[in-house]
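Here's the structure, in structure tokens; my notes come after.
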Amino acid sequence: MKKIGIGIIGCGVIAPTHAESYALDKNVRLVTACDVIPERAKALAERFGFKGTATDAADVFADPGIDAVSICTPHFNHAKLCEAALAAGKDVLCEKPIANTRAGLALVRKAEAKYPDRIFSGVFQHRYNPVFRELRLLVGEGAFGTIATAAFHNRCLRTDSYYSADSWRGTKRYENGGVLINQAIHYLDIFQWTMGGIDSIAGASMANRTHQNSIETEDTIAATVLFKNGAIGTVETTNSAIIHWDTMLEITGSDGFVSITDGNIVRMEFSNPAAARRMKAAQKAHDARNRKVDGVGRSYYGLGHPSQIADFLSCVRRRGRPFVTASDASVAAELVLDIYQAAARRAKKAPARA
Ligand SMILES: NC(=O)c1ccc[n+]([C@@H]2O[C@H](COP(=O)([O-])OP(=O)(O)OC[C@H]3O[C@@H](n4cnc5c(N)ncnc54)[C@H](O)[C@@H]3O)[C@@H](O)[C@H]2O)c1
11 MKKIGIGIIG CGVIAPTHAE SYALDKNVRL VTACDVIPER AKALAERFGF
61 KGTATDAADV FADPGIDAVS ICTPHFNHAK LCEAALAAGK DVLCEKPIAN
111 TRAGLALVRK AEAKYPDRIF SGVFQHRYNP VFRELRLLVG EGAFGTIATA
161 AFHNRCLRTD SYYSADSWRG TKRYENGGVL INQAIHYLDI FQWTMGGIDS
211 IAGASMANRT HQNSIETEDT IAATVLFKNG AIGTVETTNS AIIHWDTMLE
261 ITGSDGFVSI TDGNIVRMEF SNPAAARRMK AAQKAHDARN RKVDGVGRSY
311 YGLGHPSQIA DFLSCVRRRG RPFVTASDAS VAAELVLDIY QAAARRAKKA
361 PARA
């Protein structure tokens, strides 16, 4: 079997998780680690045995020995790098969010459509958790009866030094948001995806509670949303917490209830015992997968990168359709921008009290 040549663009925090996940496939060649900071490219290349390094993504895109690239750079340049990589004939896996503006999201979707023979996928690794996949099916099949509410929270700690370590973080221009666009976007995606889509944002409020010295964006935000299926949803997230990481997703209906923390079921009740059995089986599958890839990436990434990268490589080989396309990956990014807009409208109407 021909080995797939891989380039990684951006060799910061998330890049090793991509490299490790690619390295799980014996028919992959790690060709080039690319970063505008040469020491970072060199460090990744040495750690994972890439053949070479580059400081300009254009050199990676021009290399005929590279079939596919992972875009692991800051938010602001995802869209342009994705478009350039696809135009150069590469298959592309881009970290979330695939773009941080509406124009950028449109650009990536347009590029995906313009190069239909290329594979494009946006990272949302939690969609590969069997628990969330089963949950989505059960919601769609009506196993929860009439769903009254769905809620998610994502509470974590990101310190001033986390933000000051990299100049793009917490800036309007480069990150275009704070906790919602970076940490909470994963669970916002799972929230909307499992529930069958959000119809509208009823209201939102955001604040900078503890990072006034380090960021110009929000560190805390809450929103009320209305789902297409009629349920009411609440979103709450902060990175000003004392705890390092905690996420929770709950769905409450007339025939079913489930509470999931950090991707694992903590409580459930269903009128139909078959639904509970299916959720239990999904949890078992999730546990078994996690035992196999334990240690790849940080635990709060949810161990989903190996599954998403295996899916991406499989699509590259058979020219198939990835599980998370540009349109799929756009939904949560658009919702993030909708929630920011709703919060900004609210702040104009009722400025925060000093
Ligand atoms: N899926 C997840 O769980 C997860 C976790 C962490 C980060 N991320 C995402 O990954 C992306 C990167 O985040 P990070 O924390 O690794 O950031 P980082 O700042 O640690 O790394 C980004 C790297 O990209 C380099 N870079 C910037 N522009 C470049 C360019 N044009 N060409 C080559 N290199 C360039 C920077 O020098 C830096 O080393 C972000 O979109 C982030 O949201 C996803």
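When we follow this note's numbering, the leftmost residue of the sequence shown carries the number 11, and every step to the right adds one. Built from N, CA and C at the ideal position, the CB exists for glycine as well. Just so we're clear, the structure is a prediction, and the values are computed from it rather than from any experiment.
A straight line joining the alpha-carbon of I81 with that of V102 spans about 7 Å. When the Cα atoms are used, G155 and T227 turn out to be separated by approximately 39 Å. Under the three-state reduction of DSSP, V235 is assigned to strand. Excluding its 5 nearest sequence neighbours in each direction, I252 has C-beta neighbours in its own chain below 8 Å: L167, listed in chain order. Between D170 and S131, the gap from beta carbon to beta carbon reaches 8 Å or more. As a beta-bridge residue in DSSP terms, A64 pairs with C44. Excluding sequence positions up to five before and after N139, its CB lies within less than 7 Å of the CB of G273, H296, G312 and G314, all in the same chain and listed in chain order. When rounded, the separation of the alpha-carbon atoms in S269 and E144 is 14 Å. Under the three-state reduction of DSSP, C82 is assigned to coil, being neither helix nor strand. Proximity to A339 across L236, R119, A212 and L91 peaks at R119, based on C-alpha coordinates.
Taking non-hydrogen atoms of ligand 1 into account, the C-beta of K52 is found less than 7 Å away from none of them. Burial check for E49: the Cβ neighbour count within 10 Å stays below 16, so the residue is exposed. For D256, the enclosing beta strand (DSSP E) has its first and last residue at S250 to G263. Leaving aside the five residues that flank A43 on each side, the residues in its chain whose CB is nearer than 6 Å to its CB run, in chain order, I18, C21, A51, L54, A55, F60 and T63. The closest heavy atom of ligand 1 lies less than 7 Å from the beta carbon of E105. Unbroken beta strand (DSSP E) runs of no fewer than 3 residues, entirely contained in the segment 179-222, are found at 208-217, following chain order. DSSP places N274 in the strand class (E or B) of the three-state scheme. V334 sits away from S31, with the two beta carbons spaced by 8 Å or more. Judged by DSSP in its simplified three-state form, D35 adopts coil rather than helix or strand. Remark: the shortest separation between the CB of N192 and any heavy atom of ligand 1 falls under 7 Å. Here V235 is near I211, since their CB atoms are less than 8 Å apart. In the structure shown, the three-state DSSP call for C21 is coil.
For ligand 1, no non-hydrogen atom lies closer than 7 Å to the CB of N139. In the DSSP secondary-structure assignment, T230 is bridged to A217 and T248.
In this structure, R39 is the residue among R39, A116, A95 and I129 with its C-alpha nearest to the C-alpha of F58. Just measuring C-alpha positions, the residue of M205, E93, T65 and A98 sitting nearest A72 is A98. Pairing A241 with A214 gives a Cβ-Cβ distance that is not under 8 Å. Measuring C-alpha to C-alpha distances from T204 to each of A336, K12, R327 and F162 identifies F162 as the nearest.
Per the coordinates, the alpha-carbon of L96 lies some 7 Å from the alpha-carbon of Y125.
Residues R39, V41, G75, I76 and D77 of the same chain have their beta carbon placed closer than 6 Å to that of G15, with the five preceding and five following residues left out of the count.
About 16 Å separates the CB atoms of G206 and V245; that is not less than 8 Å, and the two are not in contact.
Taking C-beta separations shorter than 6 Å and ignoring five residues to either side along the sequence, the partners of H221 in its chain run D229, following chain order. Counting only runs of 4 or more residues that sit fully inside the segment 102-188, the alpha helix (DSSP H) segments are 112-124, 140-151 and 170-175, in chain order.
At a Cβ-Cβ threshold of 8 Å, M216 and A353 count as neighbours.
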